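Read through the structure below, which is laid out as structure tokens, and then see the notes.
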Amino acid sequence: MADIELRKVVKKYVDLVAVKDLSFRVEDKELLVLLGSPGAGKSSTLKMIAGVEEVTSGEIVMNRQVINRFDPSERDIAMVFETYALYPHLSVFENIAFPLRSPKRARQFSEDEVRKKVRETAEFLEIDMLLERKPKELSGGQRQRVSLARCLIRTPQLYLLDEPIAHLDAKLRHRLRREIKKWQQSKGITTIYTTTDYLEAFSVGDRILILHRGILLQIGKWEEIYNKPANSIIGTIISDPHMNSFDGEVVAVGDRMTVRVKDVSFEVSPEIKSRLEKTKIKDVILGIFPSKIQLVNDHEHPDSLAGTIFEGTVEFVELRGSRKIVFLKTAHSLAFTFQLPLEKSIRVGEKISCFFGKEDIQLFDKPSKRNILLM
Amino acid sequence: MAEVRVDNVWKYYREEAGPEKWVEAVRNATFTCNDKEFLCLLGPSGCGKTSTLRMIAGLEKISKGDIYIDDQQVNDLHPKERKISMSFESYALYPPLTVYDNIAFPLRARKYPENKIKEKIEIVTDLLEIGDILSFRPAKLSGGEQQRVSLARALVREDAQVTLMDEPISHLDAQLKAKLRIDLKRFQREMRLTVVYVTHDQLEALSMADKVVVMNFGEIQQVGTPDELYQQPANLFVAGFIGEPPMNFLQGTLVEENGIFYLQSPQFKYDIDPKIASLMQKENGKEKKWLIGVRPGDMVMEKEMEESYWLEARIYSIEPLGEASVVMVDVDNQKVFIEVPGLPPEKEGDFVRVYFRKEKIHIFNVSNGKAIR
């Protein structure tokens, strides 16, 4: 049983502010993902919660108790470090068994139980054949799994997993992100997990917190973030290829409201229109996720399309598994990226018509980059 | 003109332990990288892709066979004489030199004028986004930055006829990788480079290569365009290696009833094209067991099913991935992946019916792994 809360937490290193006024709460048994680019402040946040780095200001509260001054060993937190921090002189088995043999838990587990638990955890992470080896005989990915095993073998109040599967190959990473989630759910241990990969975040997180240069941009379920990103920067973090985004200007035409981007007008939804009228915002960033753009010809009733149709020339096509990523340039040299199913044949140099709906437009205030629907 | 031809090439190493034990790292590899082509050598670690590249570079001796660059046999040429440039996984930067001087090194060695060097360095460093670290020394750089500098040093040379790269972006974070895949490919096209590129990442290979050579255990499994590998994998290995989530494999038996051929498992039975059935019989007369490969995107999950064949399944996990979700189900204790658009209404533990599109399946011979086509 553990919930944890950060209240206006700041972390400063000499002249660098790594974490700025960070406040959030993780409920009991919840898995919260901190998602952000390298340098966003994810690791610093975890290290402060673990107690291996000091909080510059603000409070960390666990089960309604401020733990800022607690020694790491008093916090009952298991953490995986990005640097693995394995004991070089111990075998993989002894590294994983280490937490079970600490003085605090001495004699809590019989030698048979220790062996059973180590084996179970090692099998789960596919390192059961490496138990006799020393860390220096392992690859980076294997070391990362030993470090993860040493953390998961415990039943603490809180797991802190700092990019726990970042250095594994794709197949294993995809399997483990499912399995770690199952493991966490079955044990019911509150967890904070960091990653730079939005698909991993969507896959494992009950909720996701997007961190950018030490600042919280948004926190919520993935569908909330995906449907209404709070900030235009999020379009580069939770979409690959990135959200298409263009600087534009709000123009009223009669009773309609459009956004003009280089002589092209995009009509906006009624919801956005009424927001624009209230806020009087003029300079905007227009965002459209690649997954929302379709070919006009693919539509059953091309005449009835309610949205923006635009024509462009295919500049480049990138194959990505079951889909193709298409890079398109319009006559006004707007560059759009979108995706098509693999079966669709498309050639570089081809002229095509594309379409997206009014409802699919995301609009951000240019100076603050905030979603105008959330202002 | 630059063309690399690998002709029946073998590489064997003598194992340290036994006196006469040989390890075959590359077995009888034959392929051609055409002029201005981007060729990827793809496979898991230990498959022989790096050994192959190193033989092309001249860093390893060829045990048997020939390698030609532009119709010239290069087996015994020194790496320097091969007109190649290289960027390897280990960065091999010169520690006392700044980033700028590291990148300029191959050009200065070839007596380029300084103003020309500056111009060329600007182009590559812009592409790789390292313009702001030019005055640093390698020790101050992160792994990802070092890798980009090493890449820049390989790309800055234009006298090289062939550019060889070994996992040049594998250490970078996901976002930068996605960006560099596109930039590298563009650069290769614009500069009309001939590239041989080694990677273990199928996504990287599919997205950049004109031609992919898939290797496993020292042997070439298939040579083809990314489209071909995905849609017509030649064998079980390629089918399982290409695509994420991976292809599902279901067991089936070929049966004949009243002149009609069926593929049958404990859970389903449906008729198949007689042409394919006769190919199957020819390929493997007595053997009746087959593996049916279905991509997760070609599987359909429903509560009620109109089709006459289906699999009873129980949902093990649901992974939301933005516009699509990956659902993993249990079918007779076997895990099967299904890719569905959006988020399905079902929950973990629910029972569902699963079927697959007959016309999209791949059939493999169980005994030798070969695809029936």
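Protein sequence lines, in the order shown, are assigned to chains L and P.
If you read the first sequence in my numbering, its first letter stands for residue -3, the second for the next number, and so on.
If you read the second sequence in my numbering, its first letter stands for residue 12, the second for the next number, and so on.
Idealized CB from N, CA, C, for every residue including glycine.
Every value quoted in this text rests on a predicted model; they were computed, and no experiment measured them.
Whole-angstrom distance between residue j and residue i, CA atom to CA atom
| i | j | result |
| --- | --- | --- |
| P124 (chain P) | Y23 (chain P) | 44 Å |
| L42 (chain L) | P307 (chain P) | 36 Å |
| E90 (chain L) | Q275 (chain P) | 49 Å |
| T52 (chain L) | M253 (chain L) | 47 Å |
| Y241 (chain P) | V305 (chain P) | 12 Å |
| F49 (chain P) | T210 (chain P) | 13 Å |
| I45 (chain L) | T151 (chain L) | 17 Å |
| V351 (chain P) | E330 (chain P) | 10 Å |
| T117 (chain L) | P179 (chain P) | 33 Å |
| I56 (chain L) | P117 (chain P) | 53 Å |
| W33 (chain P) | G76 (chain P) | 17 Å |
| R16 (chain P) | R38 (chain P) | 15 Å |
| K278 (chain L) | I268 (chain L) | 13 Å |
| G35 (chain L) | R21 (chain L) | 22 Å |
| P160 (chain L) | L18 (chain L) | 22 Å |
| N269 (chain P) | F362 (chain P) | 35 Å |
| K132 (chain L) | Y80 (chain L) | 12 Å |
| R366 (chain P) | T109 (chain P) | Note that residue 366 (chain P) is Tyr in the sequence shown here, rather than Arg. Taking the straight line from one Cα to the other gives about 59 Å. |
| E196 (chain L) | R173 (chain L) | 7 Å |
| T333 (chain L) | V266 (chain P) | 48 Å |
| K369 (chain P) | Q138 (chain L) | 40 Å |
| I123 (chain L) | E175 (chain L) | 15 Å |
| V85 (chain P) | Y79 (chain P) | 6 Å |
Collapsed DSSP secondary structure at residue i in the structure displayed
| i | result |
| --- | --- |
| L214 (chain P) | helix |
| M58 (chain L) | strand |
| L152 (chain P) | coil |
| R21 (chain L) | strand |
| Q138 (chain L) | helix |
| K131 (chain P) | helix |
| P337 (chain L) | strand |
| V167 (chain P) | coil |
| K222 (chain P) | strand |
| P352 (chain P) | strand |
| Y123 (chain P) | coil |
| Q172 (chain P) | coil |
Contact with chain P by residue i, beta-carbon distance below 9 Å
| i | result |
| --- | --- |
| H170 (chain L) | yes |
| E219 (chain L) | yes |
| S235 (chain L) | yes |
| G303 (chain L) | no |
| G317 (chain L) | yes |
| I321 (chain L) | yes |
| E314 (chain L) | yes |
| P34 (chain L) | yes |
| A166 (chain L) | yes |
| T41 (chain L) | no |
| S199 (chain L) | yes |
| L28 (chain L) | no |
| T232 (chain L) | yes |
Neighbour flag for residue i against chain L, beta carbons, 9 Å
| i | result |
| --- | --- |
| Y241 (chain P) | yes |
| E48 (chain P) | no |
| D212 (chain P) | yes |
| L265 (chain P) | no |
| E350 (chain P) | yes |
| A245 (chain P) | no |
| D276 (chain P) | According to the sequence displayed, residue 276 (chain P) carries Ser and not Asp. Not closer than 9 Å to any Cβ of chain L, the Cβ of S276 (chain P) fails to qualify, so no. |
| E156 (chain P) | no |
| A324 (chain P) | no |
| R197 (chain P) | yes |
Distance between beta carbons of residue j and residue i, contact taken as under 8 Å
| i | j | result |
| --- | --- | --- |
| K7 (chain L) | A14 (chain L) | 5 Å |
| A335 (chain P) | D236 (chain L) | Not quite, the Cβ-Cβ distance comes to about 13 Å (not below 8 Å), so this is no contact. |
| G47 (chain L) | F66 (chain L) | 6 Å |
| F351 (chain L) | G303 (chain L) | 6 Å |
| F260 (chain P) | I303 (chain P) | 7 Å |
> Is the stretch 305 to 315 of chain L touching the stretch 325 to 332 of chain L, taking contact as three or more C-beta pairs under 8 Å?
Replying inline: yes
>> So, does the stretch 216 to 234 of chain P touch the stretch 342 to 358 of chain P, judging by three or more C-beta pairs under 8 Å?
In response: no
> Okay, do the stretch 92 to 106 of chain P and the stretch 157 to 171 of chain P touch, 3+ Cβ pairs below 8 Å being the bar?
Replying inline: yes
> If we count Cβ pairs, one from each stretch, closer than 8 Å, do we get three or more for the stretch 263 to 277 of chain L versus the stretch 225 to 239 of chain L?
Replying inline: no
> Does the stretch 204 to 219 of chain L come close enough to the stretch 237 to 251 of chain L to have 3 or more Cβ pairs within less than 8 Å?
Replying inline: no
> Is the stretch 133 to 151 of chain P touching the stretch 77 to 96 of chain P in the sense that three or more CB pairs, one from each, lie closer than 8 Å?
Replying inline: no
> Is there contact between the stretch 53 to 72 of chain P and the stretch 224 to 238 of chain P, where contact requires at least three CB pairs shorter than 8 Å?
Replying inline: yes
> For the 8 Å Cβ check, are there 3 or more pairs between the stretch 220 to 232 of chain L and the stretch 361 to 369 of chain L?
Replying inline: yes
> Do the stretch 57 to 66 of chain P and the stretch 245 to 264 of chain P meet, that is, are 3 or more Cβ pairs less than 8 Å apart?
Replying inline: no
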